[in-house]
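Worksheet: one structure, shown below.
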Amino acid sequence: MRKMSTIISCIITALLLSQCSTVKSVSQEKNDGWISMFNGKDINDWTTKIHHYEVGDNYGDTFRVEDSIIKVRYDKYEGEFNERYGHLYYNTPYSYYHLVIEYRFVGELHPGAPSYTIKNSGVMFHSQDPRTMPKEQDWPISVEMQFLAGLEEGKSRPTGNMCSPGTDVVYEGKIDPRHCINSTSKTYFGEQWVRAEAIVLGDSIVTHIVNGDEVLQYTKPQIGGGVANRYDPAIKIDGKLLKEGFIALQAEGQPIDFRKVELKNLKGCMDPKASNYRKYYIKSDPEDCKYN
């Protein structure tokens, strides 16, 4: 086990050195496998699921595209917030990957939204398929990289934390009972853009990075714990390791902008004889190999 941890740590270090140590835009590295999950024009490659509504119902135009930005807004909502937590899911699930998101908080918390959601959002990964969520399920069974902004000068409020609706993770060698685990990131105030990255290696290890700094690492994401409610019991198999799943941007009452959502798939054909071999893959998928 110690040897495996060392190997995984070396892989993470190599990825960080090659992809995170400079300010170079991910879009400049597309020839190295990066894909833009957001095309800057629409969210046709995404699916919405908002609490109290059926999958695909983007109530109140919650998720919209303006000025080449995915915007989360509540100006078309009727009445108070009423726990209308929403998520925007990319339609392709992934297992091993490096994810990059740039976000900023804007505006004011929607009336009636819980106070803890002020300047609070995130990205969910290893999420269940939104089509498996009942209308009244509030949170997807998933792991969240939580985004926060500072509220008061002099008081720390780190971003890039881990939260676990319907899941558990192993932190510092044991399953951590906390719903959220704070990162070591700085506190970011105002409407500044923040670059958040997650290197997700299946069910083994997850690393959070904020503005180029590694701020949190944990292992063995798995189904378990609480917080998610009114789910299909057949989906929540406690103890089941999460090897893959969907990626979703969050809306929970606070307006937020996302201007970059990009991903580098780290799983694929590792046979140099195959036409689709890529040297940056770290997880072999022999069934994906193609030969001329």
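According to mature numbering (1 follows the signal peptide of the UniProt record, and there is no 0), the residues represented by the sequence shown are -25 to -1, 1 to 267, in order. C-beta: ideal position from N, C-alpha, C; glycine also.
As a quick exercise: from the options, pick the residue whose alpha carbon is nearest that of residue i.
i      : options                        : result
Met137 : Gly129, Leu123, Lys130         : Leu123
Tyr71  : Lys248, Ser250, Cys244, Asn267 : Cys244
Lys110 : Arg205, Arg153, Asn157         : Arg205
Ile210 : Gln112, Asp42, Ile18, Ile257   : Gln112
Tyr163 : Ile45, Lys130, His183, Thr194  : Lys130
Ala226 : Gly8, Ile45, Met12             : Ile45
Lys248 : Lys265, Val185, Ile212, Lys258 : Lys265
Thr159 : Asp143, Pro133, Gly148         : Pro133
Val185 : Gly135, Asp207, Asn33, Ser259  : Gly135
Asn267 : Ser259, Tyr252, Asp260         : Tyr252
Glu53  : Thr107, Asn157, Tyr34, Asp42   : Tyr34
Asp207 : Val190, Thr107, Asn14          : Thr107
Asp143 : Glu166, Ile212, Glu41          : Ile212
Glu58  : Lys161, Gly228, Ile180         : Gly228
Ile180 : Leu216, Asn14, Pro152          : Leu216
Leu191 : Trp168, Lys161, Gly165         : Lys161
Asp151 : Tyr193, Phe56, Ser43           : Tyr193
Ser43  : Phe13, Phe56, Arg153, Asn157   : Phe13
Gly82  : Glu55, Asp260, Tyr49           : Tyr49
So residue i and residue j are supposed to be a Cβ contact under 8 Å. How far apart are they, rounded?
i      : j      : result
Phe100 : Val175 : 6 Å
Ala171 : Met120 : 6 Å
Pro115 : His62  : 6 Å
Tyr69  : Ile222 : 7 Å
Lys242 : Tyr256 : 6 Å
Ser96  : Ser117 : Rounded, the Cβ-Cβ distance is 14 Å, inconsistent with contact.
Asp232 : Tyr78  : 7 Å
Val145 : Leu224 : So it is not a contact: roughly 26 Å between Cβ atoms.
Asp32  : Lys51  : Not really, about 13 Å apart at Cβ, beyond 8 Å.
Please confirm whether residue i and residue j have their CB atoms less than 9 Å apart.
i      : j      : result
Pro230 : His85  : yes
Glu237 : Leu74  : yes
Asp20  : Thr67  : yes
Asn240 : Ile76  : no
Tyr65  : Thr23  : no
Lys258 : Gly177 : yes
Phe80  : Glu166 : yes
Gly8   : Val40  : no
Val169 : Pro105 : no
Determine, using beta carbons only, whether residue i comes closer than 9 Å to chain C.
i      : result
Leu238 : No chain C appears in this structure, which consists of one protein chain only.
* **At least three beta-carbon pairs within less than 8 Å, the stretch 81 to 89 to the stretch 197 to 213** => no
* **Runs of beta strand (DSSP E) lying entirely within the stretch 95 to 162, each at least 3 residues, in chain order** => 95 to 102, 118 to 123, 136 to 138, 142 to 146
* To do: Note down, one range per segment and in chain order, each beta strand (DSSP E) of at least 3 residues found wholly within the stretch 16 to 68.
  => 21 to 25, 38 to 41, 44 to 47, 61 to 65
* Quick one: complete beta strand (DSSP E) runs, 3+ long, within the stretch 165 to 210? -> 169 to 176, 180 to 185, 188 to 198
* Segments assigned beta strand (DSSP E), at least 3 residues, entirely inside the stretch 70 to 97 -> 71 to 80
* Asked: Can you give, in chain order, each stretch of the alpha helix (DSSP H) that sits fully within the stretch 206 to 252 and has at least 4 residues?
  -> none
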